[in-house]
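Participant: With my numbering as the guide, the letters of the sequence shown map in order to residues 9 to 154.
C-beta atoms are modelled at their ideal positions from N, C-alpha and C, and glycine is treated no differently.
Before I ask anything, let me first share the structure, which is written out below as structure tokens.
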Amino acid sequence: MDLVSLLEKKKVKVTEIPKWGTYLRKQWEDHFANHLSDKEKNSIYLYDEDGCCGYLWHVFSWEKKQCLKEEQADLAFNKESKKFCYVFYQHSNDALILEKASSLNADDFLNEEDVYVVDKEFKWTYMRTHETGWCGPYFSRKDKTI
9 MDLVSLLEKK KVKVTEIPKW GTYLRKQWED HFANHLSDKE KNSIYLYDED GCCGYLWHVF
69 SWEKKQCLKE EQADLAFNKE SKKFCYVFYQ HSNDALILEK ASSLNADDFL NEEDVYVVDK
129 EFKWTYMRTH ETGWCGPYFS RKDKTI
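Structure follows, in structure tokens:
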């Protein structure tokens, strides 16, 4: 079952927003990686330069921002209040707006790769990587320590 169908089955209101991926990735970077210089961002391969580079979640795997990892990340995400969220991907410009998303949990994203979930104000983020089990999942807050 695809993610949209799964969420709709859980009574989450899903609005597909094609072409928003670039905008949401930039907003994510501005909120969760704004403490890094361009040189630091390049040093952790934050930008897509070749096949193994260009992941926003490198800010966590390179330990440039505090986060929870693996099971702790899933638990923190599950406990977080989720009324309105954005869901977007590293390598797609398709994105989703989720409303009435209180039933949303980490298990909903088990079949997703390089997916990012953020609240409306970009105060927290959760992501699953294509390397989950080795890198991620991750959960972090914009300003607060974990």
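Please report the distance separating the alpha-carbon of L11 from that of T137.
Facilitator: Roughly 16 Å separates the two Cα atoms.
Participant: Inspect the beta-carbon positions of L112 and V126 and report whether they are closer than 9 Å.
Facilitator: Not closer than 9 Å, so no.
Participant: Using DSSP's beta-bridge definition, name the partner residues of V95.
Facilitator: Answer by DSSP bridge pairing, in chain order: L104 and V125.
Participant: Taking DSSP as the reference, what is the three-state secondary structure of T30?
Facilitator: Looking at T30 - three-state DSSP - the assignment turns out to be helix.
Participant: Pull up the distance between the alpha-carbon of I52 and that of C143, whole angstroms please.
Facilitator: Cα-Cα distance, rounded: 14 Å.
Participant: Would you kindly check if the distance between the Cβ of D102 and the Cβ of E24 is under 9 Å?
Facilitator: Yes, the Cβ-Cβ distance between E24 and D102 is below 9 Å.
Participant: Tell me the DSSP bridge mates of W155?
Facilitator: For the chain, the structure presents residues 9 to 154; residue 155 sits outside this window and is missing.
Participant: Grouping DSSP H, G and I as helix and E and B as strand, with all else coil, what is E24?
Facilitator: Residue state, collapsed to three classes: strand.
Participant: By a C-beta neighbour count over all protein chains shown, 10 Å radius and 16 as the cutoff for buried, is K90 buried or exposed?
Facilitator: Under this definition K90 is a buried residue.
Participant: Tell me K73's beta-bridge partners as DSSP assigns them.
Facilitator: Bridge partners of K73: none, in fact.
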